[in-house]
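A quick write-up on the structure given underneath.
Residue numbers (the numbering used here): 3 to 332.
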């Protein structure tokens, strides 16, 4: 009989032939949320299939209806509806009553909140047929941009001026990112995280190329502001930008309005690439994967093979200097 390994409980559950995951888990004493009683009328028994997705039977009609409504990717299943034919590993996603409030499809207004975020978020949602995705694994370019030297700047400037300058700088960064089709997912103190995705059927530069172009614009805007800061405060600061390309789980965080976010190793690597600028004295570093995805037309400088904190092995990082000169030599 197939076994289901349930996380984060770390419990091994034995399923009878033709039995769905939920009743097997309940029989084994796993505390599984199932607000509708396991009848496929809510989504509180949702799980992430970590391993063994091919051993899961096709969705039932009820599960497919909920999957379509919520924008579930193939890795998200309802435990009450999913029958397994082999060993699988799953992770429970609804762990307490607060999770139930967020996850129970029966408690949501049909039309959901009014989306008031940027066009890049709207385009990403529209690819999921108007559903609100819980999460979707897809290729993305992830950018981190951080102010270098801001601590020293803040220590020598009046607090109100610090906030004013920070707001102005982050606005410039945001404008550059949105101009190139990206979306800021979060503001991290004196830095930002942004996502760039490729939309199906859209004739535009790749996500990595648009991230690189946005990074170059951020640096140009920072350079343009530096003389004014020096004149007003007697000091200024610089920016570090890091870009990595890979797959990540991209989804919407519940809220009014909802916000887009991404998780996964691609995000972690992008953050460490941005931080590596301090070590190498660079301003814009990209991974080899991002450089390849960006294609021709990017002027590159030095390259570095180095380990990244918390990661195994070495990564090739490439310095981006600007846009390559496409003029033909005379």
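C-beta: ideal position from N, C-alpha, C; glycine also.
All values derive from a computational prediction rather than experimental measurement.
Can you tell me whether residue i is helix, strand or coil according to DSSP?
i, result
"residue 310", "coil"
"residue 196", "strand"
"residue 77", "coil"
"residue 32", "coil"
"residue 285", "coil"
"residue 10", "coil"
"residue 20", "coil"
"residue 214", "helix"
"residue 209", "helix"
"residue 271", "helix"
"residue 170", "helix"
"residue 97", "coil"
"residue 41", "coil"
"residue 224", "helix"
"residue 176", "helix"
"residue 3", "coil"
"residue 15", "strand"
Applying the criterion that 16 or more other CB atoms from any shown protein chain within 10 Å of the CB defines a buried residue, is residue i buried or exposed?
i, result
"residue 298", "exposed"
"residue 83", "buried"
"residue 166", "exposed"
"residue 60", "exposed"
"residue 320", "buried"
"residue 171", "buried"
"residue 267", "exposed"
"residue 40", "buried"
"residue 42", "buried"
"residue 160", "exposed"
"residue 210", "buried"
"residue 118", "The predicted position of residue 118 is uncertain, since its pLDDT is 32 and thus under 50; a value taken from the coordinates is nonetheless stated next. Classification of residue 118: exposed, given that the 10 Å Cβ count is below 16."
"residue 13", "exposed"
"residue 29", "exposed"
"residue 19", "exposed"
"residue 3", "exposed"
"residue 249", "exposed"
"residue 24", "buried"
"residue 176", "buried"
"residue 154", "exposed"
"residue 31", "exposed"
Among the candidates the options, whose CA atom is the shortest distance from the CA of residue i?
i, options, result
"residue 226", "174, 66, 10 and 71", "174"
"residue 283", "62, 244 and 20", "244"
"residue 278", "249, 150, 41 and 189", "150"
"residue 281", "35, 48 and 308", "308"
"residue 231", "211, 164 and 271", "164"
"residue 187", "142, 285 and 316", "142"
"residue 199", "306, 305, 51 and 251", "251"
"residue 17", "81, 73, 313 and 38", "81"
"residue 95", "229, 154, 65 and 11", "11"
"residue 34", "21, 49 and 20", "49"
"residue 304", "318, 314 and 179", "318"
"residue 180", "23, 272 and 145", "145"
"residue 138", "182, 263 and 294", "263"
"residue 6", "323, 54 and 176", "54"
"residue 38", "324, 32, 65 and 314", "65"
"residue 310", "274, 322 and 294", "274"
"residue 276", "294, 261, 240 and 154", "240"
"residue 192", "23, 271, 242 and 46", "242"
"residue 194", "238, 229, 228 and 147", "147"
Residues bridged to residue i by DSSP?
i, result
"residue 163", "Answer by DSSP bridge pairing: none, since residue 163 is not bridged."
"residue 58", "86"
"residue 325", "300"
"residue 141", "249"
"residue 240", "150"
"residue 317", "308"
"residue 264", "252"
Query raised in the report: Taking one C-beta from the segment 218-232 and one from the segment 288-296 each time, how about it: are there three or more such pairs within less than 8 angstroms?
Result: no
Query - the segment 47-60 contacting the segment 73-90, beta-carbon criterion three pairs below 8 angstroms - result: yes
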